[in-house]
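Position one of the sequence shown corresponds to residue 11 (this note's numbering), numbered consecutively onward.
Before any comments, here is the structure.
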Amino acid sequence: MQLQQLFTMQKSLDSYIQKEKNVSHDVFFEKGLALLVELAELANETRCFKFWSAKGPSDKETILEEYVDSIHFLLSLGIEKQLDDLENWPVEDREESLTQLFLHTHASIQHFLEEPSKPLYEEVWKWYGAIGTSLGFTHQQIVQAYIDKNEKNYERQRSGY
Ligand SMILES: O=c1ccn([C@H]2C[C@H](O)[C@@H](COP(=O)(O)OP(=O)(O)OP(=O)(O)O)O2)c(=O)[nH]1
C-alpha cells in the first residue's frame, strides 16, 4: 500500500490540530502514549482476550475505526521523527493469535519510543499490518476508513472538541 497519500493527509491534520490547540512543545511521547492507548482500545473492541466472557466482538465498522485511530498516531509519530519517507506499508507474514499480535505490537511500540529508528518504525507497521490481516481488513478498507476518520477529526476540531 502506498503510504505517501496518508502521510500528506496526516501532516495537514497534525498542523491544523497543533495550531488550533496552540501546541508548541514536542509531543512525541504524548503521541506515543496515545498510540498505546489506541492499541488497547482496539484490543478491547475485538474482545480477543476476554476468555471470561461470552459476548462477541464489536461490529467490523467500530473495530476498523479504532484501527485507523492507531494508524493516525503511527503516521504522526513517523512525521515527528522525519521517518515519513516510507513509501510502502512493510509487510511480513506473522500468523499468531490476535492476543499475541497485540502483545508484540505493544512491545514494538515501546521499543520504537525508546529508540525511534527507521527499522523499529517499520517493525511497528509490520505488526499493525498483521493485526489488520488477522481482522480481515483490506488495504482499500483501511485507506477509506482513514480518510473518513481524518475528516471527522477536522470536524471535531472545528466544533471545539
Ligand atoms: O496530533 C494529533 C492528535 C490526534 N489525532 C487524531 C488521531 C485519532 O484519530 C484522534 C484521537 O482519537 P479518538 O478519536 O479516539 O480521540 P479521543 O479524544 O480519545 O476520543 P473520545 O473522547 O471520543 O474517546 O485524533 C491526530 O491525528 N493527530
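All residues carry an ideal CB built from backbone N, CA and C; glycine is no exception.
Expected contact under 8 Å - CB spacing of residue i and residue j to nearest Å
{"i": "LEU93", "j": "TYR131", "result": "5 Å"}
{"i": "TYR164", "j": "LEU16", "result": "Between LEU16 and TYR164 the Cβ distance is about 15 Å, and since that is not below 8 Å, they are no contact."}
{"i": "LYS91", "j": "PRO126", "result": "5 Å"}
{"i": "ASP69", "j": "LYS159", "result": "Contact doesn't hold; Cβ gap of about 16 Å is too wide."}
Beta-carbon gap between residue i and residue j smaller than 7 Å
{"i": "ALA117", "j": "PHE83", "result": "no"}
{"i": "LEU52", "j": "GLU75", "result": "no"}
{"i": "PRO100", "j": "LYS136", "result": "yes"}
{"i": "GLN113", "j": "CYS58", "result": "The sequence given here places Leu at residue 113; Gln does not occur at that position. No, Cβ-Cβ distance for LEU113 and CYS58 is not below 7 Å."}
{"i": "GLU55", "j": "ILE81", "result": "no"}
{"i": "ARG104", "j": "ALA140", "result": "yes"}
{"i": "LEU13", "j": "LEU87", "result": "no"}
{"i": "THR148", "j": "LEU49", "result": "no"}
{"i": "LEU46", "j": "ILE119", "result": "yes"}
{"i": "GLN20", "j": "LEU85", "result": "yes"}
{"i": "LEU123", "j": "GLY66", "result": "no"}
{"i": "LEU111", "j": "SER144", "result": "yes"}
Under the three-state DSSP convention, the category residue i falls into
{"i": "ASN98", "result": "strand"}
{"i": "GLN151", "result": "helix"}
{"i": "ASP79", "result": "helix"}
{"i": "ASN32", "result": "coil"}
{"i": "VAL37", "result": "coil"}
Bridge partners - residue i, DSSP secondary structure assignment
{"i": "GLN12", "result": "ASN98"}
Whose CB is closer than 6 Å to a heavy atom of ligand 1? List the residues in chain order. LEU23, ASP24, ILE27, ASP79, HIS82, PHE83, SER86, LYS159 and ASN163
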